[in-house]
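Participant: Shown below is the structure under consideration.
Written out as structure tokens, the structure reads:
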């Protein structure tokens, strides 16, 4: 049986529960409100900026730009400027992005399935 210590160890030996763990930044980028939603939107296939903006309700241009830049820097999203007229940029998931999104999709599905019950419990006191 896994000990709590072994289950929280990062592959490089870091402890995700430790404030000094280098994996915390990446974990935060992936699990941020907009990070999750951008990754889920891109799991449906490559998208242009305007498509992502329409698909992710409530995201501002500033937050979309910041989130895409962050996830690109993390190696999870690929930004491809296509040399067409007029020029445009397409965003897609990298292999690492597909791997992490494969883990996020079941979590998001669980949340969607249980959101109603959580709301009802909150309203009832």
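In my numbering, the protein residues as written are -3 to 121.
We put the CB at the ideal spot given by N, CA and C, even for glycine.
Roughly how many whole angstroms lie between the Cα atoms of residue -2 and residue 12?
Facilitator: Summary for residue -2: the model assigns pLDDT 46, below 50, so the residue's position carries little reliability; its value from the coordinates is reported in the next sentence. Rounded to whole angstroms, residue -2 to residue 12 spans 16 Å at the Cα level.
Participant: Tell me whether residue 96, by its Cβ, gets closer than 7 Å to a heavy atom of the ligand ATP.
Facilitator: The model depicted lacks the ligand ATP and carries no ligand whatsoever.
Participant: When you compare each of 45, 62, 38 to residue 185 by their alpha carbons, which one comes out closest?
Facilitator: Residue 185 cannot be examined here, being either before or after the span of the chain that is shown, -3 to 121.
Participant: Could you compute how far the alpha carbon of residue 110 sits from the alpha carbon of residue 120?
Facilitator: Straight-line Cα distance between these residues: approximately 16 Å.
Participant: Do residue 64 and residue 87 have their C-beta atoms closer together than 8 Å?
Facilitator: In this structure, residue 87 lies closer than 8 Å to residue 64 by Cβ.
Participant: For residue 50, tell me which candidate among 62, 66, 33 has the shortest Cα-Cα distance.
Facilitator: Of the candidates 62, 66, 33, the one whose C-alpha sits nearest the C-alpha of residue 50 is 33.
Participant: Rounded to whole angstroms, what's the CA-CA distance from residue 38 to residue 82? Just pull it up for me.
Facilitator: Rounded to whole angstroms, residue 38 to residue 82 spans 22 Å at the Cα level.
Participant: Mapping DSSP to helix, strand and coil, what is residue 75?
Facilitator: DSSP places residue 75 in strand when its eight states are reduced to three.
Participant: Quick check on residue 12: does DSSP put it in helix, strand or coil?
Facilitator: In this structure, residue 12 counts as coil in the three-state DSSP scheme.
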